[in-house]
Structures are given as structure tokens and as C-alpha cells.
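For what it's worth, the working numbering labels the leading residue of the sequence shown as 10, then goes sequentially. Here the structure comes first, spelled out in C-alpha cells, and everything after it is commentary.
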Amino acid sequence: MDVLRPLEPKEFLERAQPLLLSDEARHNLIFGVAGTLRDHPGHYPEHRLWLVLDDDTVVAAAVRTPPHNLIVAGSGEALERLAASIDEELPGATGAVPEVEAFGRAWEAQHGASSEVRRAFGIYALEELIRPAPAPGRPRAATEEDRQLLIDWLRAFGKEALGEDEADEQQLGRVIESRLTHSDAGLVVWQDEGHAVSLAGFGGPTPSGIRIGPVYTPPEHRGRGYGSAVTAAVSAARLAEGRRFCFLYTDLANPTSNRIYMRLGYRRVCDSLELRFMP
Numbered sequence: 010m011d012v013l014r015p016l017e018p019k020e021f022l023e024r025a026q027p028l029l030l031s032d033e034a035r036h037n038l039i040f041g042v043a044g045t046l047r048d049h050p051g052h053y054p055e056h057r058l059w060l061v062l063d064d065d066t067v068v069a070a071a072v073r074t075p076p077h078n079l080i081v082a083g084s085g086e087a088l089e090r091l092a093a094s095i096d097e098e099l100p101g102a103t104g105a106v107p108e109v110e111a112f113g114r115a116w117e118a119q120h121g122a123s124s125e126v127r128r129a130f131g132i133y134a135l136e137e138l139i140r141p142a143p144a145p146g147r148p149r150a151a152t153e154e155d156r157q158l159l160i161d162w163l164r165a166f167g168k169e170a171l172g173e174d175e176a177d178e179q180q181l182g183r184v185i186e187s188r189l190t191h192s193d194a195g196l197v198v199w200q201d202e203g204h205a206v207s208l209a210g211f212g213g214p215t216p217s218g219i220r221i222g223p224v225y226t227p228p229e230h231r232g233r234g235y236g237s238a239v240t241a242a243v244s245a246a247r248l249a250e251g252r253r254f255c256f257l258y259t260d261l262a263n264p265t266s267n268r269i270y271m272r273l274g275y276r277r278v279c280d281s282l283e284l285r286f287m288p
């Protein structure tokens with residue numbers, strides 16, 4: 010097996026597409042990040058790309074946008090070959106189970122590291138929406154006038170859902186800018202009686218799907234159906250635009266959010282882990 014790099018994002022996606030399309034929902038994150046690198050090259054300051062080839066067939070793929078984790082796809086011996094070829098320090102790895110676990114074991118064995126699970130997620134996919142009970146209010150697209158609200162809410166989402174004690178202000182700004190300006194991404198606010206009460210975003214498109222998130226409702230507005238309503242509105246709009254699927258990630262430690270998405274018609278495809286590596 011050979012490891013190929015460096016690559017341009019366009020070439021990476023063209024060569025990796027057969028592997029990634031074998032399970033589009035499973036691989037939506039690596040698809041979405043690589044697509045952003047191709048279509049919006051200024052979004053991430055740096056990137057690294059790897060492909061593992063068995064003859065001319067891509068059997069593993071990986072993307073990294075420092076300082077973030079490596080995102081992996083593939084299996085078995087290909088992931089061992091990938092781990093052996095990376096000569097930089099990694100903070101961790103993210104991917105579907107069991108492949109991310111296999112990469113983690115290979116990284117530990119070959120680099121003398123240890124690993125731990127930082128977060129566990131469920132990957133869900135939606136093809137046909139089940140409308141929730143009506144909630145008061147209506148959806149609207151977020152605008153530049155919402156910028157401070159978006160900063161506050163995304164910072165709170167990162168702390169609550171992702172365990173981020175300190176927000177990366179530059180990354181936060183890039184996320185908001187891309188969601189407000191790119192045609193393949195956006196943020197939608199649910200508004201009730203003139204006040205913003207909940208938020209859902211979308212982005213990271215794949216060939217036939219798109220990822221929904223983040224979804225955030227401030228504590229004082231929870232329990233009124235706003236989160237379900239805005240998630241349903243964003244999902245329905247994406248399907249109406251011609252997407253076959255919507256994807257989203259849920260925190261497996263939060264059974265309430267998992268139930269909410271399942272009631273909307275999201276089905277659990279697989280689990281995903283975020284691993285942290287330690288020397």
C-alpha cells in the first residue's frame with residue numbers, strides 16, 4: 010500500500026469519492042470538510058490530506074485542518090499504514106466506529122501514545138421529515154444584524170455541547186462569516202413574539218446530502234418545542250432544495266436530543282468518536 014500526499018482538495022475528493030460514497034452518511038464529516046477546502050479555500054488557514062492506495066484503489070482517507078483532530082475513513086491494514094506515515098504530532102482523531110478505534114490503536118502502537126474518548130456521538134440521517142407539533146413563532150434566516158447573538162450562542166453551544174472552555178474567536182468568526190455569506194451554508198433563527206429563541210445551522214454538503222447543525226436553544230427558552238421546530242424547518246428546506254439526505258450529530262450522553270431527532274424521522278446510522286492522544 011502507498012500513502013499519497015500532498016494533494017489538492019479537488020484531486021483528493023475525486024480520488025476518494027468511491028470510498029466515501031460507499032456510505033455517505035458515515036463519511037459526511039470528511040466529505041464536508043474536504044468540500045469546504047475545495048470550494049472555500051480561505052475558510053481554514055491550513056490543511057493536510059492523505060490517501061492510502063492499494064494499487065489504484067483508495068482504501069483509506071484522512072483530512073486535518075490544524076489545530077483540529079485528524080478525520081479518518083477506511084479500515085484495517087490501510088489505517089495502520091496511514092498511522093505509520095504521519096510524522097507530525099496529532100491532538101487526536103475523529104471518525105466513525107470502528108475505524109477510528111482501529112486508527113487509535115495503530116497510532117498508540119506506532120507512536121508510543123495513549124488515547125482516551127473525549128466525546129461520543131451518534132450520526133443520524135433523514136430522508137423524509139416527520140413534522141413536529143407546531144411551536145409558536147416562525148423561522149427566518151440569520152443576518153449580519155444577528156452577529157453578536159450568533160457569537161454568544163455559538164460560544165455557549167461550544168461550551169455546553171462540545172466541552173470547549175475557551176472559544177477560538179478567529180474560528181468562531183470564520184464559521185459565522187461562512188454561514189452568512191456562502192450559498193451552501195447558513196444559520197436559521199426561530200423567532201417568537203419578535204425575539205430570537207432558538208438556532209439551527211446547515212453546511213458541509215456532500216454529493217447528495219448536507220449536515221444540519223449546530224442546533225442551540227438557550228436554557229430559558231427550552232421545553233417549548235423551539236429546537237424541534239427550527240431543526241424541522243431547516244431540514245425541510247434542504248430536502249425541498251433537492252438534497253436526498255440531511256445528516257446530524259448528537260451527543261450520545263444526551264438522550265433527550267437523540268429522542269427529539271428520532272421523532273423528526275432521523276435514523277441512527279452509526280456512532281462516531283472523538284479521541285484525544287496523549288504522549
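Ideal Cβ placement from N, Cα and C applies to all residues, glycine included. In this text the structure is predicted, and so the values were computed from the model without any measurement.
Within 10 angstroms of the Cβ of residue i, are there 16 or more other Cβ atoms? Answer buried if so, exposed if not.
i, result
"G236", "buried"
"G8", "Given a span of 10 to 288 for the chain in the structure shown, any question on residue 8 remains unanswerable."
"P223", "buried"
"R220", "buried"
"G203", "exposed"
"A150", "exposed"
"G234", "buried"
"R276", "exposed"
"S124", "buried"
"T45", "buried"
"A118", "exposed"
"R247", "buried"
Excluding sequence positions up to five away, which residues of its chain have a Cβ less than 8 Å from the Cβ of residue i?
i, result
"G172", "R127 and R128"
"A33", "According to the sequence as given, residue 33 is Glu; it is not Ala. F40, T215, P216, S217, G218 and F254."
"D280", "A105, V106, A129, F130, G131, I132 and L261"
"G85", "A111"
"N78", "L99, P100, G101, A102, T103, E283 and L284"
"A238", "P141, P143, A144, G146, P148, W199 and S207"
"I185", "R156, L159, I160, L163 and L196"
Going by beta-carbon coordinates alone, are residue i and residue j separated by less than 8 Å?
i, j, result
"G131", "T259", "yes"
"G104", "A82", "yes"
"L284", "A102", "yes"
"L196", "E153", "no"
"L22", "A43", "yes"
"Y270", "Y133", "yes"
"P100", "L58", "no"
"L88", "E108", "yes"
"F286", "A170", "no"
"P148", "A25", "no"
"V198", "D155", "yes"
"V67", "P15", "no"
"L181", "L163", "yes"
"S187", "H49", "yes"
Return the chain-ordered list of same chain residues with a C-beta closer than 6 Å to the C-beta of residue i, the five sequence neighbours on each side being excluded.
i, result
"L4", "A question about residue 4 goes unanswered here, because the residues of the chain that appear run from 10 up to 288."
"D63", "M10"
"S266", "T259"
"F256", "A34, N37, A134, G218 and R220"
"D193", "P214"
"P76", "none"
"V61", "M10, V12, V68, A69, A87, R90 and L91"
Which residues in the same chain as residue i place their Cβ atom closer than 7 Å to its Cβ, once the five residues preceding and following it in sequence are excluded?
i, result
"R183", "H52"
"I139", "R272, L273 and G274"
Please determine whether the Cβ atom of residue i lies at a distance below 7 Å from any heavy atom of the ligand ADP.
i, result
"V42", "With respect to the ligand ADP, the structure shown offers nothing to examine, as it has no ligands at all."
Segment contact, 8 Å Cβ cut-off, at least three pairs: the segment 37 to 55 with the segment 69 to 84: yes
Inside the segment 123 to 190 only - beta strand (DSSP E) runs reaching at least 3 residues: 123 to 135 and 147 to 150
Cβ contact (3+ pairs, closer than 8 Å) linking the segment 245 to 255 and the segment 209 to 228: yes
Contact between the segment 142 to 150 and the segment 193 to 209 (3+ Cβ pairs under 8 Å): yes
The segment 82 to 101 contacting the segment 48 to 56, beta-carbon criterion three pairs below 8 Å: no
Uninterrupted alpha helix (DSSP H) stretches inside the segment 233 to 257 (no shorter than 4 residues): 235 to 249
Ordered list of beta strand (DSSP E) runs contained in the segment 58 to 97, each at least 3 residues: 66 to 73 and 79 to 83
4 or more residues per run - each alpha helix (DSSP H) lying fully within the segment 199 to 227: none
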